[in-house]
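A.B. asks:
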Amino acid sequence: MKPQKSDERVRHHRFSFLRSCVAISEQSSSDFSRATLIFVHGRFSAASHWLPLVEPLRAHFTSLLVDLPGFGNSFTLDDQGPSLDESAELLAQLISEFSSGPVFLIAHEMGSAIVQLCLLGKSLKEKDRIKGVILLNPLCLSHAIGTLSLNYGAYFLKRRLQKILKGCESLNPDQKQEVIEPWNHRSSRDSILQAFDAYQQSWPDEEARSGWRNSLQDLKQPVLLLQGAQDPINPPEHSFELIRRLPEAYYFQNEKCGHWPSLEQPGWANEKLRDFLWKYSNRSSHIESHLDPLHRKSA
């Protein structure tokens, strides 16, 4: 992510975790009493992909955009990236270090699994500060990870990604280049593959997934699920599993959207995101909103 020196409300941080260096972009609100939004990306994304959603919210919330180890401007010195459990611990530390008030967690794909582990595990001590969760094209801990988790290697994954991008009419050429760029360079490609391997090796086995099916019912926070119907990487089955398990879930699907809602359909995603944030941040009386009410999907 390029430094934005002209804006004093944008700050960049480096956070040490295990043998990794984590890059964080903080976009501050002028009202520091408001909630903090923490964004966690997926396997074919980076922190910069959140910007179309972050910009319209800057007047109302402070946003933290995290590059997970191995992605974007973050890196690890180990041969393998942090496991899912370690990534959940990282998120818990970031919540403690960079926020003191209410927090909303916003995650895409693999980031959604990290958020689930963080909220249902023991690393996060102040879970009552998490006021809501927004998951885009999520992975579900009680579901198998899918075919792209297998060790097909860099060549296969890059070719598969190129094919997906070629058929994605919702992304413009610059956005497609932004997505594929890390795969064009050996150093960044190898780092991403290390992270892929770590996530695959630490994904819950069948017995553990059975346990998560019960644990998900204990999640206290309301959850907004946004799903692109045309996602060839992570189809809606994971979202459907979450709908069945979560006690309070809201589900919206965009028929024209693929794997990257924040890039492909930012207007749609931002509308649903704002509606959810206004509802659960108790700020609706201060912000004029004409958004449609949320439609609740019960487990």
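Under numbering that gives the first Met the number 0, the residue at position 278 of the sequence shown is numbered 277, and the numbers go up by one with no gaps.
Ideal Cβ positions, reconstructed from N, Cα and C, are used throughout, including at glycine.
Here the structure is a predicted model, which means the values were calculated and not measured.
1) Tell me which residues share the same chain as residue 253 and place their Cβ nearer than 6 Å to its Cβ, disregarding the 5 neighbours each side in the sequence.
2) Fully enclosed by the stretch 76 to 153, which alpha helix (DSSP H) runs are 4 residues long or longer?
3) Using beta-carbon positions only, say whether residue 163 and residue 232 come within less than 8 Å of one another.
4) Let me check understanding here. Comparing Cα to Cα, which of 206, 69, 36 lies closest to residue 78?
5) Considering Cα atoms alone, identify which of 85, 235, 203, 8 is closest to residue 15.
6) Judging by CA-CA distance, which residue of 63, 38, 20 is the nearest neighbour of residue 8?
7) Pull up the distance between the alpha-carbon of residue 37 and that of residue 188, whole angstroms please.
8) Grouping DSSP H, G and I as helix and E and B as strand, with all else coil, what is residue 193?
9) Roughly how many angstroms lie between the CA atoms of residue 167 and residue 183, to the nearest whole one?
10) Could you tell me the distance, in whole angstroms, from the CA atom of residue 130 to the CA atom of residue 91?
11) Does DSSP classify residue 184 as helix, strand or coil?
12) Please list, in chain order, all residues of the same chain as residue 203 whose beta carbon is under 7 Å from its beta carbon, the five residues on each side excluded.
13) Can the beta-carbon of residue 249 be found less than 8 Å from the beta-carbon of residue 215?
14) Are residue 26 and residue 61 touching if we call contact CB-CB under 8 Å?
15) Going along the chain, which residues of its own chain have a beta-carbon closer than 6 Å to the beta-carbon of residue 117, five neighbours each way excluded?
16) By alpha-carbon positions, which one of 275, 65, 270 ends up nearest to residue 93?
17) Work out the CA separation of residue 47 and residue 301 for me, nearest whole Å.
18) In whole angstroms, what is the alpha-carbon distance linking residue 159 and residue 165?
19) What's the gap between the Cα of residue 209 and the Cα of residue 12?
C.D. replies: By the coordinates alone:
1) 227, 264, 267
2) 83 to 97, 109 to 119
3) yes
4) 69
5) 85
6) 63
7) 25 Å
8) helix
9) 19 Å
10) 15 Å
11) coil
12) 140, 211
13) no
14) yes
15) 87, 90, 91, 123
16) 65
17) Nothing about residue 301 can be read from this structure; the chain reaches only from 0 to 298.
18) 10 Å
19) 38 Å
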